[in-house]
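Throughout the sequence shown, residue numbering follows the working numbering, covering 1089 to 1294 in sequence.
Ideal Cβ positions, reconstructed from N, Cα and C, are used throughout, including at glycine.
The structure appears below as structure tokens.
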Amino acid sequence: MLWALGGAVVASAVWVAVVFATGGFPGQGGGGPDLGGYTFRKDICPDTDLSAVKEQYPAEKSSPKSDAATHKALDAMWCTTSLAPSGAQYSSATVTVEMWLYKATDPSANFEAQYESFDQRGDSGNTFSVRKVPGIGDVAYLVTPEEPRETGSSAYLAVRDGWMTYQMSLSNYVSSSETGVSEPDLSEIEDMLKQDTKATLTKLSG
């Protein structure tokens, strides 16, 4: 099953818009934020575990790129890595990890609304399926394309653990001129996202 870049940046932009459209970050009232050991890091790439992904995409096309911003109400961190299947010249995969630490308000309601409504997005050629994933954080959602395209698709695993939210996305580009390149199917993509998300969150919460 073939997988293309599309959605990670849009999802981030939408999430930021939702947060700030509510009028900023109101005071939390009673107790401090529930961050569960997660702290701000200038660069989360060294602790982003891609062991499972790299079994399918072992070639690194470029060095991981990180970004981060801190604020008294919200910390945000990103890491993006470009990889490729063995023997590929043009096909590639982009993996993006995002972590948000909410220090002034509980993100639970907005987080659940964002991902539970994901299946309302897209058009007839780019619609999504959403389901909950047990055993990761307080709540986790797996978002996958209902009909993966021949040139690629994007899948997401999003987690809320207390007042921390996290998303790992994998977007593939498959060149039509390239043959003999092994590509994972949807179930393999799901397993990769689950394994590497669990491993990464363990590192980042330590």
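Let me check one thing: in DSSP terms, what residues is residue i bridge-paired to?
i, result
"K1220", "Y1229"
"E1186", "W1166 and Q1255"
"D1249", "M1252"
"Y1261", "S1180"
"Y1244", "V1231 and S1257"
Can you list, in chain order, the residues of its chain with a C-beta nearer than 7 Å to that of residue i? Leave out the 5 residues immediately preceding and following it.
i, result
"A1287", "D1137 and S1139"
"S1293", "G1124, G1125 and Y1126"
"K1130", "A1156"
"V1269", "P1173, G1175, A1176 and S1179"
"G1094", "Confidence at G1094 is low in this model, with a pLDDT of 42, below 50, so its placement is unreliable and no value can be given for it."
Could you pull out every residue in the same chain whose Cβ sits closer than 6 Å to the Cβ of residue i, ignoring the five residues on either side in sequence?
i, result
"D1163", "F1128 and L1189"
"W1166", "D1155 and E1186"
"L1245", "L1230, M1256, L1281 and T1285"
"D1122", "G1250 and W1251"
"Q1116", "Only weak support is given to the placement of Q1116: the predicted model assigns it a pLDDT of 43, under 50, and the question is left unresolved by the model."
"D1207", "F1216 and V1218"
"V1221", "A1228 and L1230"
"E1266", "Y1178 and S1179"
"G1112", "Reliability fails at G1112, whose pLDDT of 44 lies under 50, so the model's placement of it is uncertain and the value that follows must be treated cautiously. Closer than 6 Å at Cβ, skipping near neighbours: no residue."
"D1291", "The sequence shown places Lys at residue 1291, not Asp. Hits under 6 Å: D1135."
Are residue i and residue j touching if we call contact CB-CB under 9 Å?
i, j, result
"S1217", "E1234", "yes"
"G1250", "G1124", "yes"
"V1227", "V1247", "yes"
"Y1261", "T1182", "yes"
"T1184", "A1161", "no"
"S1259", "S1242", "yes"
"L1077", "G1225", "Past the edges of the chain, shown from 1089 to 1294, lies residue 1077, and the structure says nothing about it."
Once the 5 residues before and after residue i are set aside, which same chain residues still bring their CB inside 8 Å of it?
i, result
"P1152", "C1133, T1136, C1167, T1168 and T1169"
"T1110", "With a pLDDT of 40 at T1110, under the threshold of 50, the modelled position of this residue cannot be trusted; read the value that follows with caution. Contacts found: N1198."
"P1114", "Here P1114 scores only 42 on pLDDT, less than 50, and its place in the model is too uncertain to base an answer on."
"R1209", "T1215 and F1216"
"D1279", "A1140"
Does residue i have its Cβ less than 9 Å from a Cβ in chain D?
i, result
"A1172", "Judged by its chain identifiers, the structure shown contains no chain D, having just a single protein chain."
Do the stretch 1173-1183 and the stretch 1145-1165 touch if we need at least three Cβ pairs shorter than 8 Å? yes
3 or more residues per run - each beta strand (DSSP E) lying fully within the stretch 1119-1180: 1153-1157 and 1162-1172
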